[in-house]
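Asker:
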Amino acid sequence: MEYAIVAPDVPGLDASGLHYRIPASLSGRALPGARVVVPLLSREVTGVILGLDRHCPVAVARELLRVLDDEPVYREGLLAVGRTVSRHYAAPLATVLRAMLPAEVRYRGHTVYALAGDRSPPEARELSPAASRILETLSDHQFMTQKELARDHPVKDLSRLVALGLIERKTFFPAPARAGRLLQVELAVPTDRAREAAQQDAGRAPRRSEWLRRLVAAGGRLPAAGMPKTVRDRLSQQGLVRTVDVEVKRRPAPGMHEPADVPTLTGEQELVLRSLGDHHRCSPGVTLLHGVTGSGKTEIYLRWVGQVLQHGRQAIVLVPEIGLTPQILGRFQQRFGDQVAVLHSGLSAGERYDEWRRIQGGEARVIVGARSAVFAPVEHLGAIIVDEEHEYSYKQEEAPRYHAREVAVMRGRAEKAPVILGSATPALETYTRALTGEYQLLTLSRRVDGGDLPPVTVVDLRSELKDGNRSMFSRQLAHALEATVHRGARAMLFLNRRGFHSFVLCRECGLVVRCPQCAVSLTAHRQGRALWCHYCDYRQRTPDVCPGCGSRQIKGLGAGTERVEQEVHQRLPGARVLRMDRDTTGRAGAHQKLLEEFRSTPAAVLVGTQMIAKGLDIPGVELVGVALADTALHFPDFRSAERTFQLISQVGGRSGRGGPGSVLVQTYHPQHYAIQAAAAHDYQGFYRQELAWRKQADFPPFTHLVHLVFSSSGEAEAERAARRAVDRGLHPKVRVLGPSPAPLYRLHGLYRWQVLLSGSDRGEVLEVAGTMQKVQPGPRVRVTLDADPISMM
Ligand SMILES: [Zn+2]
Ligand SMILES: [Zn+2]
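If you want it as structure tokens, here you go:
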């Protein structure tokens, strides 16, 4: 007897696998990694076979009902990665397995009803008229969904009929998104024979003859839609053609495809590439490629992937947000053409399904994608590259809360594939591992164009204020901007805050207009003169008088990108001003269009949020201005200094590519080490100071953190649940901070209390967190557990 160990797809079910008996009829197809239907209590649910077993730990095992996949969708390596991720982030295995597949490939169960096979209906008088009608309706169908039936019939009658044994309730799992199909006409005879027939028919039936010739010319196959039906019928009667139903792949817009010149490597690049090869030939491990902005990291990735393909293997390339980094995708498509598949949330459901199938089938050999592409079902994994590994968007902010960079390392280890992490500003955790020798460290210290990194000037906004300049532009920035535009050159202005004013304040009573759902101030947007909540999207009109005291002295404060845009317009009426933030890039392709316009317009100024800091390679940007470097500095987050350093370095790095460049950073904290180090292009200097502080404050990389949030619509419930959890979760070696109200105390109408756990032993911290999570929080309280949190708002 053989058993399948199945992880049922039930969110939150904390089971490492249940044993099910494999009936003889399914024995060949019940393989590890295949999805199945199993009974669980009184339900039928889907699940994944984790493994097979000759023994069964329980007395009576229930039977596997169906196997859904002809071929297992989870390859063996991925199953192992799923288990590791589940342990590492204390996330239920079912939740992890679910996140590994795109939504289009998942099965969803529908409740359906059918007449019970062997029962004859009782006398009509025993049933209510409503119940009789249900039986009548069902007798015309094999089965009907609850949704269909509930339109016309009360659900209680359905349940009664089930109780009487007259109808059955089942779960039906329709096939997920279907492949695109196309009817095609293909030759049923060898080409020579078709040519002959075309010649014979040329006189009598010129149309048929012409179509035969076209078929031969097209390689034997044409879409059926193009061929007149009479021609097709006649040709198939003659036995010359047949109609076939072929699966076609819907491809996302292929982008730039013309092959570009392959650049010559610099000496430094050659060296890096050689070290990569030497290192990974003996034992595939992890390499941190620390390269300054503009040092040609992408070319290293391209060459390395080229080598991987030559060895008959596949590569996964992760990029932070593919919509924001079209350039790197374009370069992979130029180099590797149709072998590239793209996986990200911007694709249509059909495109994502087909790209996933192209990967699964081994057709696609280079997978470029966002975070979840780390789970792409490649069979012969030869490398994983994580570009801009420091980016926060690699962290998934809903369960399972994994970090794609860390999963890449886990997967590389499981499948013995080298992993390359690339960045100009590596995450502190990554750089520490490189220094301790856990990762190989390779450095690109010079730009490929031979130019220097742009000089950075720090402008002290306090002295501007002292000198009576109340404008958001220091005199230096105003002059530099003017000079740049007059030269016909381009400039970028960075401010990590969208909208016009970041809040609205009454000068009489001090009231700040807040979101009724969330504990945050509303942001003023020019569009519709409205106030928006950036967390829940609540909107209201900007009030003319204070809602608290009725005063007219109500005023917007704190500038956002809209305000910067307006100011540049007023100062430089002749310049073309473009703005790039979440509000101007909502529509598909808007981001790309803005970039193209900026690239092709002389004397243009691009104003934007962190979107403009990411990987843009636009020649001829002579000035980058950071309007206010301090926005991230005061976040209640231990990474605020690191974030500030990264943003200034990254946005500054857009300047002076292929020409002169300079950077101006405005700040109220010119002495802060993050700003000083960014201005000096001194990563090591920043790293040393930040690391010393992290050690003193007991933060990562010296400790492991777990963030627990208790949220509820009831203020007292949330607090009580958090306090009870802390009381139960005491451990001598795990530090507990809190419970305390979360920085975002109210969000979407829920009150939030938080607990932060830290300790040097990951296992101990996770164990305590698990205990706290399991303490009965009360019916209206939700507990979320985030291991290695990035955002702790
Ligand atoms: Zn007021
Ligand atoms: Zn809100």
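Numbering (this note's numbering), first residue to last: 22 to 814. Even glycine gets a Cβ: it sits at the ideal position worked out from N, Cα and C.
Anyone know if the C-beta pair for Ala648 and Val506 falls short of 8 Å?
Answerer: For this step, residue 648 is matched to residue 627 along the sequence shown. For this step, residue 506 is matched to residue 485 along the sequence shown. No.
Asker: Which same chain residues, not among the five before or five after Ile406, have their C-beta less than 6 Å away from its C-beta?
Answerer: Mapped onto the sequence shown, residue 406 falls at position 385. So the qualifying residues of the chain are Tyr322, Val338, Ile441.
Asker: May I have a chain-ordered list of the alpha helix (DSSP H) segments no shorter than 4 residues that lie completely inside the region 182-244?
Answerer: Counting whole runs of 4 or more residues, the region 182-244 contains the alpha helix (DSSP H) stretches 212-225, 227-238.
Asker: Do Cys567 and Cys536 have their C-beta atoms within less than 8 Å of each other?
Answerer: Counted from its first residue, the sequence shown places residue 567 at position 546. Counted from its first residue, the sequence shown places residue 536 at position 515. In this structure, Cys536 does not lie closer than 8 Å to Cys567 by Cβ.
Asker: Could you name the residues of the same chain whose beta carbon sits closer than 8 Å to that of Leu726, not counting the 5 residues immediately before and after it, in chain order?
Answerer: Locating residue 726 in the sequence shown gives position 705, counting from the first residue. Once the five neighbours on either side are set aside, the close Cβ partners of Leu726 are Phe720, Leu777, Leu778, Ser779, Val786, Ala808, Asp809, Pro810.
Asker: In or out: Val833 buried (at least 16 other Cβ within 10 Å) or exposed?
Answerer: No answer is possible for residue 833: it lies beyond the span of the chain, which begins at 22 and ends at 814.
Asker: Assess contact between the region 354-368 and the region 412-430, defined as three or more Cβ pairs (one per stretch) separated by less than 8 Å. Is contact present?
Answerer: Too few Cβ pairs lie closer than 8 Å, so no.
Asker: Quick one: Cα of Ala653 to Cα of Ala662, how far?
Answerer: Here residue 653 corresponds to residue number 632 of the sequence shown, with the count starting at 1. Here residue 662 corresponds to residue number 641 of the sequence shown, with the count starting at 1. Going by the C-alpha atoms only, they are around 8 Å apart.
Asker: Touch check for the region 700-707 and the region 735-754: three-plus C-beta pairs under 8 Å?
Answerer: No, they do not touch.
Asker: Pick out whichever of Val399, Val252, Asp161, Arg302 has its Cα sitting closest to the Cα of Val227.
Answerer: Taking the sequence shown and counting its residues from 1, one reaches residue 227 at position 206. Note that residue 227 corresponds to Pro in the displayed sequence, not to Val. Cα-wise, what sits closest to Pro227 is Val252.
Asker: Who are the Cβ neighbours of Val106 in its own chain at under 8 Å, not counting the five residues just before and after it?
Answerer: Taking the first residue of the sequence shown as position 1, residue 106 is located at position 85. The answer, listed in chain order, is Ala112, Val117, Pro421, Tyr423, Val428, Met431.
Asker: Thinking C-alpha only, which one of Leu34, Pro476, Val57, His109 is nearest Arg42?
Answerer: Counted from its first residue, the sequence shown places residue 42 at position 21. The option with the nearest alpha carbon to Arg42 is Val57.
Asker: Three or more C-beta pairs under 8 Å: does that hold for the region 249-267 against the region 290-310?
Answerer: No, because fewer than three Cβ pairs between the region 249-267 and the region 290-310 fall closer than 8 Å, the two stretches do not touch.
Asker: CA-CA distance, Gly229 and Asp266?
Answerer: Here the question's residue 229 lines up with position 208 in the sequence shown. Here the question's residue 266 lines up with position 245 in the sequence shown. The question names Gly, yet the displayed sequence has Arg at residue 229. Distance between the alpha carbons of Arg229 and Asp266: 22 Å.
Asker: Under 8 Å by Cβ, that's how I've got Ser523 and Gly569 pegged, so tell me the actual separation to the nearest angstrom.
Answerer: What you label residue 523 is simply residue 502 of the sequence shown in a count that begins at 1. What you label residue 569 is simply residue 548 of the sequence shown in a count that begins at 1. Contact doesn't hold; Cβ gap of about 19 Å is too wide.
Asker: Let me know if Pro44 comes out buried or exposed under the rule of 16 or more other beta-carbons within 10 Å of its beta-carbon.
Answerer: Start at 1 with the first residue of the sequence shown, and residue 44 comes out as number 23. It counts as exposed.
Asker: Does the Cβ-Cβ distance between Val804 and Leu729 come in under 8 Å?
Answerer: As a position in the sequence shown, residue 804 is number 783, starting the count at 1. As a position in the sequence shown, residue 729 is number 708, starting the count at 1. It is a contact, given that the beta carbons lie within the stated cut-off.
Asker: Between the beta-carbon of Arg678 and the beta-carbon of Asp638, is there less than 8 Å?
Answerer: In the sequence shown, the residue the question calls residue 678 occupies position 657. In the sequence shown, the residue the question calls residue 638 occupies position 617. Yes, they are a contact pair.
Asker: Just reading off the beta strand (DSSP E) that Leu136 is part of, what are its end residues?
Answerer: Here the question's residue 136 lines up with position 115 in the sequence shown. Note, Leu136: beta strand (DSSP E), 131-136.
Asker: Between Leu20 and Leu449, how many whole angstroms is the CB-CB distance? I'm expecting something under 8 Å.
Answerer: A question about residue 20 goes unanswered here, because the residues of the chain that appear run from 22 up to 814.
Asker: Which value, in whole angstroms, describes the spacing of the CA atoms of Arg660 and Ser492?
Answerer: Reading the sequence shown from its first residue, position 639 is the one you call residue 660. Reading the sequence shown from its first residue, position 471 is the one you call residue 492. Distance between the alpha carbons of Arg660 and Ser492 is about 30 Å.
Asker: I'd like to know if the region 683-692 and the region 476-493 are in contact, where contact means that at least 3 CB-CB pairs between them fall below 8 Å.
Answerer: A contact exists between the region 683-692 and the region 476-493.
Asker: Here's the rule I'm using: 16 or more other beta-carbon atoms within 10 Å means buried, otherwise exposed. How should Gln335 be labelled?
Answerer: What you label residue 335 is simply residue 314 of the sequence shown in a count that begins at 1. The residue in question, Gln335, is buried, as its Cβ has 16 or more Cβ neighbours within 10 Å.
Asker: Output the distance between the C-alpha atoms of Arg454 and His109, rounded to the nearest integer angstrom.
Answerer: By 1-based counting over the sequence shown, the position of residue 454 is 433. By 1-based counting over the sequence shown, the position of residue 109 is 88. So the two alpha carbons sit approximately 18 Å from each other.
Asker: CB-CB under 7 Å to Ala135, same chain, minus the five flanking residues each way: which ones, in chain order?
Answerer: Numbered from 1 along the sequence shown, position 114 holds the residue referred to as residue 135. Contacts found: Leu159, Gln163, Phe164, Ile188, Glu189, Lys191.
Asker: Would you call Val387 buried or exposed, if buried means 16 or more other Cβ atoms sit within 10 Å of its Cβ?
Answerer: Here residue 387 corresponds to residue number 366 of the sequence shown, with the count starting at 1. With 16 or more Cβ atoms within 10 Å of its Cβ, Val387 is classed as buried.
Asker: Using a threshold of 8 Å, state whether the C-beta atoms of Ala763 and Arg749 are closer than that.
Answerer: The count along the sequence shown starts at 1 and reaches residue 763 at position 742. The count along the sequence shown starts at 1 and reaches residue 749 at position 728. Against a cut-off of 8 Å, the Cβ pair of Arg749 and Ala763 comes out as no contact.
Asker: Taking 7 Å as the cut-off, is the CB of Gln561 close to at least one heavy atom of ligand 2?
Answerer: The residue labelled residue 561 in the question sits at position 540 within the sequence shown. No.
Asker: Would Val541 and Gly577 be called neighbours here (beta carbons separated by less than 8 Å)?
Answerer: Translated into positions along the sequence shown, residue 541 becomes position 520. Translated into positions along the sequence shown, residue 577 becomes position 556. Contact flag unset, no.
Asker: Is the region 624-631 touching the region 590-604 in the sense that three or more CB pairs, one from each, lie closer than 8 Å?
Answerer: In short, these stretches touch, since the Cβ pair count reaches three.
Asker: Pro681: which of Gly646, Ala510, Phe707 sits nearest, CA to CA?
Answerer: For the purposes of this step, residue 681 is identified with residue 660 of the sequence shown, where counting begins at 1. Ranking Gly646, Ala510, Phe707 by Cα distance to Pro681 puts Ala510 first.
Asker: Does DSSP classify Ser160 as helix, strand or coil?
Answerer: Along the sequence shown, one-based indexing puts residue 160 at 139. Three-state result, Ser160: helix.
Asker: Could you compute how far the alpha carbon of Ser304 sits from the alpha carbon of Thr544?
Answerer: Taking the sequence shown and counting its residues from 1, the one referred to as residue 304 is at position 283. Taking the sequence shown and counting its residues from 1, the one referred to as residue 544 is at position 523. Their backbone Cα atoms lie some 52 Å apart in a straight line.
Asker: Should the region 76-84 be called in touch with the region 118-125, which here means at least 3 C-beta pairs below 8 Å?
Answerer: With the cut-off at 8 Å, the region 76-84 and the region 118-125 do not touch.
Asker: Which partner residues does Gly629 have in the DSSP bridge list?
Answerer: Within the sequence shown, residue 629 is the residue found at index 608, counting from 1. The partner list for Gly629 (beta bridge, DSSP) reads Phe515, Met601.
Asker: Pick helix, strand or coil for Met277, following the three-state DSSP scheme.
Answerer: Numbered from 1 along the sequence shown, position 256 holds the residue referred to as residue 277. Caution applies to Met277, whose pLDDT of 49 falls short of 50 and renders its modelled position unreliable; the model cannot decide the point.
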